[in-house]
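Just so you know, the protein sequences line up as chains A and B, in that order.
What the first sequence shows, in the numbering used here, is residues 116 to 413, in sequence order.
What the second sequence shows, in the numbering used here, is residues 340 to 633, in sequence order.
Okay, structure first, notes after.
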Amino acid sequence: MAAVTGDEQKADLREPPSWRRTKNRIATALMVLAFVLVIIPLGFVLFTVVAKGISIINWSFLTSPIPSIVAPANEGGIGPAVVGTLEITGLATVITVPLGILGAIYLNEYGGKNPLARAIGFFSDVMTGVPSIVMGLFIFSIWVLHFGFSGLAGAFALGCLMLPIVIRSTYEMLRLVPNALREGSYALGATKARVTVTVVLPAAIGGIVSGALLAVARALGETAPLLFTILGGLTTLNANVFSGANTALPLLIFTNATQPYPGAQDRGWGAALTLIVLAFILMIASRLVTARFSRYSR
Amino acid sequence: MEQPEQDFAAKTELPAPAALQTRRSDAPVADTPGATIFDTRDVAIFYGSFQAVTDVSLSIYENEITAFIGSSGSGKTTVLRAFNRMNDLVPGARVEGEMYYRGASLYGKDVSPIAVRRRIGMVFQKPNPFPKSIYDNVAYGPRINGERNKHKLNEIVERSLRQAALWDEVKNRLNTSGLSLSGGQAQRLCIARTIAVEPDVVLMDEPASALDPIATTAIEDLMQELKTQFTIVIVTHNMQQATRVSDRTAFFSVLVNPESDTRTGVLVEYGRTEQIFQDPQDSRTQAYVTGRMG
Chain A
116 MAAVTGDEQK ADLREPPSWR RTKNRIATAL MVLAFVLVII PLGFVLFTVV
166 AKGISIINWS FLTSPIPSIV APANEGGIGP AVVGTLEITG LATVITVPLG
216 ILGAIYLNEY GGKNPLARAI GFFSDVMTGV PSIVMGLFIF SIWVLHFGFS
266 GLAGAFALGC LMLPIVIRST YEMLRLVPNA LREGSYALGA TKARVTVTVV
316 LPAAIGGIVS GALLAVARAL GETAPLLFTI LGGLTTLNAN VFSGANTALP
366 LLIFTNATQP YPGAQDRGWG AALTLIVLAF ILMIASRLVT ARFSRYSR
Chain B
340 MEQPEQDFAA KTELPAPAAL QTRRSDAPVA DTPGATIFDT RDVAIFYGSF
390 QAVTDVSLSI YENEITAFIG SSGSGKTTVL RAFNRMNDLV PGARVEGEMY
440 YRGASLYGKD VSPIAVRRRI GMVFQKPNPF PKSIYDNVAY GPRINGERNK
490 HKLNEIVERS LRQAALWDEV KNRLNTSGLS LSGGQAQRLC IARTIAVEPD
540 VVLMDEPASA LDPIATTAIE DLMQELKTQF TIVIVTHNMQ QATRVSDRTA
590 FFSVLVNPES DTRTGVLVEY GRTEQIFQDP QDSRTQAYVT GRMG
């Protein structure tokens, strides 16, 4: 390093005070403000639900049958709704996620610019904007009117909501896979199916799982599509997801929270907290699974 | 498309590689090429209605390194990718004229591009290791070709990595990601991956253009080793590289159509590397190799 001689002036490397610096500071402050504004309602929601719901939650609350609406908080629980939510959302996921991923693979890897692929992509995007209650009505008219209420009908309605989300998010993830990877695989004599299964999907798996999870989380909290398909109002467990009315946490929250009885309201808060915790557990589980799948992608 | 299986043991008994022969211009070089690997006649390649290359007629010989040189847009890479039908992946790409690989038409009716690429591998300009472990990267090709035997896969992986001069650097971390390697290592991994399926030909599209001089030297040395077993075709922008590694050189140039303002690549001259660089027959070749153009 060259020594700085006495009469030589040192270079001034500080940012000169200027409008540019001011703009930079304003933008940074605005971003912090926006972050805080976003965090406040989120924090409040979480805080309120935890504060009001935590006291009622115990194992018996999570597993007991649903009591009469006028019953005090220490009687009964939300067992049938927990089971119903898990069954119906699980069934919807099993139906939708593979279908959505396959659809997205078709759109991105096989369809290209052909009219069918374009049409599917377009209508899938349109479906994203359809209100969830319309999905419920749709399944009500084509399924429930013929076969009656069932968890399966609820799963169909939730599936209609989830499908476009899974397709769109998977499609975007597949598009991000560099073509160089596909070419590398083709150059070794791989068929298109092989390239897709062994290179494209593993490279995109993290994003695909995240997208699918977003869809599941959305479905977990949906009430409207279930009103017309599983009926709700059940007090005992209906383990058969394929026939008969069923119930789910969002429906239970809806019916309990609108009642004047303190016991019902407490059960509503407890159910809300249970729903949030379910989504949280799902989130963590999928992160663990994804981390295992994509451990070589960095 | 049925071809007899390659006998690599027999191939290695060929006379000393041409690279060991002297390269001085005053020493006449005996031109005794091996078997013809590729034979192209009046090949023209189109992307939709755009003609990318025209008039490519050349023969590429066994266990030689053939270099394609020329300025950008002269169609070197396009022609290279036509040899293993990688251009099939580009929508609208079309090849006219005749292209033969060991006597079989590459674009014949019943030819499977999969079978073609199984024999004619490719190394790309930018190293493109898969987001898998180093081991799985090399084992990928054998696996998709049905090799399941763990013991055999281990053997193939070690042999390929040794051939690609990467074994010593990665033998203790075969389970780490292929993406964790440096650029030069990643490119050697890609070479190992390519030769793991024991192809007949290795096409290289500017394999060292993204690498530093040391890594480039490593790749060039590697090519000299590999050509005893494989036939190599390399596209390069670097003329010194062409003179250092290749036995034959094809010079491509650009034809500009002033009416439609389109640029079409054309094969100008093809011959032994010494001849192309020291005694070019075409004025365009001379201008290019002496650095006055391109």
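All C-beta atoms in this analysis are idealised placements derived from N, C-alpha and C, irrespective of residue type, glycine included.
Given the structure is predicted, the values throughout are model-derived calculations rather than measurements.
Below 8 angstroms between beta carbons: does that hold for residue i and residue j?
{"i": "A/PHE343", "j": "A/PHE271", "result": "no"}
{"i": "B/ARG583", "j": "B/GLU559", "result": "yes"}
{"i": "B/SER499", "j": "B/ILE473", "result": "no"}
{"i": "A/LEU352", "j": "A/PRO246", "result": "no"}
{"i": "A/ARG297", "j": "A/VAL310", "result": "yes"}
{"i": "A/PHE414", "j": "A/GLY359", "result": "Because chain A in this structure spans residues 116 to 413, residue 414 of chain A falls outside the shown range and cannot be described."}
{"i": "B/THR612", "j": "B/ALA406", "result": "yes"}
{"i": "A/VAL198", "j": "A/ALA354", "result": "yes"}
{"i": "B/ILE404", "j": "A/GLY304", "result": "no"}
{"i": "A/LEU177", "j": "A/THR389", "result": "yes"}
{"i": "B/ASP544", "j": "B/GLY523", "result": "no"}
{"i": "B/PRO597", "j": "B/VAL536", "result": "no"}
Measuring alpha carbon to alpha carbon, tell me which residue in the options is nearest residue i.
{"i": "B/ASP539", "options": "B/THR417, B/ASP618, B/LYS566", "result": "B/LYS566"}
{"i": "A/THR163", "options": "A/TRP384, A/VAL404, A/LEU397, A/ALA406", "result": "A/TRP384"}
{"i": "A/PRO365", "options": "A/ASN294, A/THR351, A/VAL314, A/LEU346", "result": "A/LEU346"}
{"i": "B/SER411", "options": "B/ARG611, B/VAL605, B/PHE616", "result": "B/VAL605"}
{"i": "A/SER175", "options": "A/ILE169, A/ILE193, A/VAL209", "result": "A/ILE193"}
{"i": "A/ALA339", "options": "A/LEU231, A/ILE171, A/GLU130, A/LEU273", "result": "A/LEU273"}
{"i": "A/LEU393", "options": "A/VAL249, A/VAL315, A/GLU202", "result": "A/GLU202"}
{"i": "B/SER548", "options": "B/LEU542, B/VAL536, B/ASN577", "result": "B/ASN577"}
{"i": "B/ARG501", "options": "B/GLU564, B/GLY409, B/VAL462, B/ARG441", "result": "B/GLU564"}
{"i": "B/ALA503", "options": "B/GLN526, B/HIS490, B/ARG482", "result": "B/GLN526"}
{"i": "B/GLY414", "options": "B/ARG631, B/VAL607, B/GLN614", "result": "B/VAL607"}
{"i": "B/GLY630", "options": "B/SER585, B/GLY409, B/TYR400", "result": "B/GLY409"}
{"i": "A/ILE368", "options": "A/PHE262, A/THR211, A/PRO195", "result": "A/PRO195"}
{"i": "B/LEU594", "options": "B/ILE573, B/ARG623, B/PRO619", "result": "B/ARG623"}
{"i": "B/ARG457", "options": "A/ALA379, A/PRO279, A/ILE169, A/SER300", "result": "A/SER300"}
Just the C-alpha distance for residue i and residue j, rounded to the nearest angstrom, thanks.
{"i": "B/ASP621", "j": "B/SER521", "result": "41 angstroms"}
{"i": "A/ARG290", "j": "A/ASN223", "result": "7 angstroms"}
{"i": "B/PRO367", "j": "B/LEU397", "result": "In this prediction, B/PRO367 scores a pLDDT of 49, lower than 50, which makes its location untrustworthy; no coordinate-derived value is stated."}
{"i": "B/ASN467", "j": "A/VAL281", "result": "28 angstroms"}
{"i": "A/PRO132", "j": "A/ARG140", "result": "11 angstroms"}
{"i": "A/LEU206", "j": "A/PHE150", "result": "36 angstroms"}
{"i": "A/ILE155", "j": "A/LEU145", "result": "15 angstroms"}
{"i": "B/ASP427", "j": "A/LYS307", "result": "12 angstroms"}
{"i": "A/MET288", "j": "A/VAL241", "result": "19 angstroms"}
{"i": "B/THR393", "j": "A/ALA318", "result": "38 angstroms"}
{"i": "B/MET340", "j": "B/THR417", "result": "For B/MET340, the predicted structure reports a pLDDT of 43, less than 50, and the residue's modelled location is therefore unreliable. A value from the coordinates is still provided. Taking the straight line from one Cα to the other gives about 23 angstroms."}
{"i": "B/ARG362", "j": "B/GLN464", "result": "Residue placement at B/ARG362 is flagged as unreliable, the pLDDT there being 43, under the threshold of 50; a coordinate-derived value is accordingly withheld."}
{"i": "A/MET250", "j": "A/VAL331", "result": "16 angstroms"}
{"i": "B/TYR386", "j": "B/LEU445", "result": "18 angstroms"}
{"i": "A/TYR221", "j": "B/GLY373", "result": "45 angstroms"}
{"i": "A/ALA142", "j": "A/ARG382", "result": "45 angstroms"}
{"i": "A/LEU252", "j": "A/ALA268", "result": "11 angstroms"}
{"i": "A/ILE399", "j": "A/LEU217", "result": "25 angstroms"}
{"i": "B/GLU437", "j": "B/ILE571", "result": "20 angstroms"}
{"i": "B/GLN360", "j": "B/THR371", "result": "Unreliable positioning characterises B/GLN360 in this predicted model, as indicated by a pLDDT of 43, which lies under 50. The coordinate reading is nonetheless provided below. Between B/GLN360 and B/THR371, the C-alpha separation is close to 12 angstroms."}
{"i": "B/SER364", "j": "B/GLN617", "result": "No answer about B/SER364 holds up, because its pLDDT of 44 lies below 50 and its placement is not dependable."}
{"i": "B/PHE389", "j": "B/VAL450", "result": "25 angstroms"}
{"i": "B/VAL628", "j": "B/PHE591", "result": "11 angstroms"}
{"i": "A/SER409", "j": "A/SER401", "result": "12 angstroms"}
{"i": "A/THR200", "j": "A/ALA327", "result": "17 angstroms"}
{"i": "B/ILE399", "j": "B/ALA432", "result": "23 angstroms"}
{"i": "A/ALA445", "j": "A/GLY191", "result": "Look at the range of chain A in this structure, 116 to 413, and you will see that residue 445 of chain A is not part of it."}
{"i": "A/ASP127", "j": "A/ARG136", "result": "16 angstroms"}
Flag residue i as yes when its Cβ comes closer than 7 angstroms to any non-hydrogen atom of the ligand NAD, and as no otherwise.
{"i": "A/GLY266", "result": "As for the ligand NAD, it is missing from this structure, which has no ligand bound."}
Identify the residues that DSSP records as bridge partners of residue i: which are they?
{"i": "B/VAL595", "result": "B/ARG602"}
{"i": "B/THR588", "result": "B/ALA406, B/GLY610"}
{"i": "B/VAL382", "result": "B/VAL395"}
{"i": "A/ASN361", "result": "A/LEU346"}
{"i": "B/MET438", "result": "B/THR379"}
{"i": "B/GLN390", "result": "B/PHE385"}
{"i": "B/THR570", "result": "B/VAL540"}
{"i": "B/VAL462", "result": "B/MET543"}
{"i": "B/ARG433", "result": "B/PHE385"}
{"i": "B/SER516", "result": "B/SER472"}
{"i": "B/SER444", "result": "B/TYR439"}
{"i": "B/TYR400", "result": "B/THR375"}
- Message: To be precise: take each residue of the segment 313 to 334 of chain A, compare its Cβ to all Cβ atoms of chain B, and keep it if any distance is under 8 angstroms. Which residues remain?
- Response: Correct list: THR313, VAL314, PRO317, ALA318.
- Query: According to a CB-to-CB cut-off of less than 7 angstroms, which residues of the segment 275 to 302 of chain A neighbour chain B?
  - Reply: For the segment 275 to 302 of chain A, which is checked against every Cβ of chain B, the residues closer than 7 angstroms are ALA295, LEU296, GLU298, GLY299, TYR301, ALA302.
- Contact list for the segment 456 to 483 of chain B against chain A, Cβ threshold 7 angstroms: Near chain A, meaning a CB-to-CB distance below 7 angstroms, the residues of the segment 456 to 483 of chain B are ARG456, ARG457, GLY460, MET461, PHE463, LYS465, ASN467, PHE469, PRO470, LYS471, SER472, TYR479, GLY480, ILE483.
- Message: Short of 8 angstroms Cβ to Cβ, which residues in the segment 419 to 431 of chain B face chain A?
- Response: Listed by position along the chain: ASN423, MET425, LEU428, PRO430.
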